[in-house]
Amino acid sequence: MSREEEIISIVSQKKKIEVNELSKLLNVSKVTIRKDLDKLEARGLLHRQHGFALLNNLDDINYRLAHNYDLKRKIALEASKIVRDGEVVMIESGSTCALLAEELAFNRNEITIITNSCFIASYIRKAESVKVILVGGEYQKGSQVNVGPLVKLVINEFHVNKLFVGIDGFDQKRGFTGSDLTRCDTTRTLATAADQTIILTDSSKFSQNGVITEFGFDEISQVFTDPGIDQASSSFLNEKGIQVTTI
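Counting with the working numbering, you get residues 4 to 250 for the letters of the sequence shown.
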């Protein structure tokens, strides 16, 4: 784990911590910690305030990105292995999806990313070799994602092999679930333009149950998650023909 990842992990646990305490915990100078925090704040992962490092607002996607950052990054790195140089992929909004987009943008050649996430488009804007196509629509401020009927008008013009999405929950009867009706409807629209829909999620989502059914089991080809997924859920998905890959 890099020092920046250690900082994110510590701040995620404590919610708020003094710069001096971070310096002692990581055995580096306060100047070094401040430089690390400057970088993390520029990426939107943390917030600085009067000698403290803080997590972002709980409703903000930046908070979700910092929460379990190391785990989500490992999932994203594993999922990135199935994307080739020069490929066009579609990536829906979400924290693990943002980390996948970052990996592809900075460590692959000539990747094109189609997304409805303004956050992702901004997050990877400094990558030189990536081409980003941002799908417009009604803007949701908290998740920084475009949703609604305008997405449907545009998405018919595209076709990709892979769509990467996140989920909010899982139900053996209803399928993969979400918490926002409009966002779920938009994600299903994106899936109509892809040969495969692939889920990236940490294992905690398999013990949660979202309000809205987002995808049936026959609509998902693969799931990338961590070893924390319970054996019953993993076996169930395998029986449904869904490949489960753990980091």
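Backbone N, C-alpha and C fix where the C-beta goes; we use that ideal spot for every residue, glycine too. The model shown is predicted, which means the values in this text are computed figures rather than measured ones.
Backbone CA spacing between residue i and residue j [nearest angstrom]
| i | j | result |
| --- | --- | --- |
| Ile116 | Asp198 | 15 Å |
| Asn241 | His53 | 50 Å |
| Val154 | Val138 | 6 Å |
| Leu40 | Ala56 | 8 Å |
| Val1 | Phe109 | Within the shown structure, residues of the chain are numbered from 4 to 250, placing residue 1 beyond reach of any answer. |
| Val86 | Ile170 | 20 Å |
| Ser3 | Lys17 | The question about residue 3 has no answer, for the chain in this structure spans 4 to 250. |
| Gly89 | Glu7 | 30 Å |
For residue j and residue i, believed in contact at Cβ under 8 Å, the rounded distance
| i | j | result |
| --- | --- | --- |
| Thr185 | Gly145 | In fact, because the Cβ distance is near 12 Å, the residues do not count as touching under 8 Å. |
| Leu1 | Leu48 | Here the chain comprises residues numbered 4 to 250, so residue 1 is not present and cannot be evaluated. |
| Asn71 | Leu193 | Not confirmed; about 24 Å, so no contact. |
| Lys38 | Val22 | The pair is not a contact, with the Cβ atoms about 11 Å apart (cut-off 8 Å). |
Backbone secondary structure at residue i - three-state DSSP
| i | result |
| --- | --- |
| Asp73 | helix |
| Glu44 | helix |
| Asp39 | helix |
| Asp221 | helix |
| Lys19 | strand |
| Asn241 | helix |
| Ala79 | helix |
| Asn30 | coil |
| Glu141 | strand |
| Ala194 | helix |
| Gln234 | helix |
| Phe109 | helix |
DSSP bridge partner residues for residue i (one or two, in chain order)
| i | result |
| --- | --- |
| His50 | Leu57 |
| Gln211 | Note: Gln211 sits in no beta bridge, so no partner. |
| Ser120 | Val148 |
| Ile10 | None; Ile10 has no bridge partner. |
| Leu115 | Sequence inspection shows Thr at residue 115; the Leu mentioned does not correspond to that position. Answer is Val91, Lys134. |
| Leu103 | None; Leu103 has no bridge partner. |
Cβ shell of residue i (< 8 Å), same chain only, five flanking positions each side left out
| i | result |
| --- | --- |
| Asp229 | Leu74, Lys77, Ile78, Asp205, Ser206, Thr249, Ile250 |
| Ser83 | Leu103, Glu106, Leu107, Asn110, Arg111 |
| Ile166 | Before going further, note that residue 166 is Leu rather than Ile in the sequence given. Around Leu166: Val92, Met93, Ile94, Glu95, Leu193, Ala194, Ala196, Ala197, Gln199, Thr200, Ile201. |
Own chain partners of residue i with C-beta closer than 6 Å, once the 5 adjacent residues on each side are dropped
| i | result |
| --- | --- |
| Gln211 | Gly172 |
| Gly178 | Thr216, Phe218, Gly219, Phe220 |
Close beta carbons around residue i, own chain, < 7 Å, minus the five adjacent residues each side
| i | result |
| --- | --- |
| Asp188 | none |
| Glu44 | His50, Arg51 |
Cutoff 8 Å: residue i Cβ touching any chain B Cβ
| i | result |
| --- | --- |
| Thr35 | Annotation note: the requested chain B is absent from the structure, which comprises a single protein chain. |
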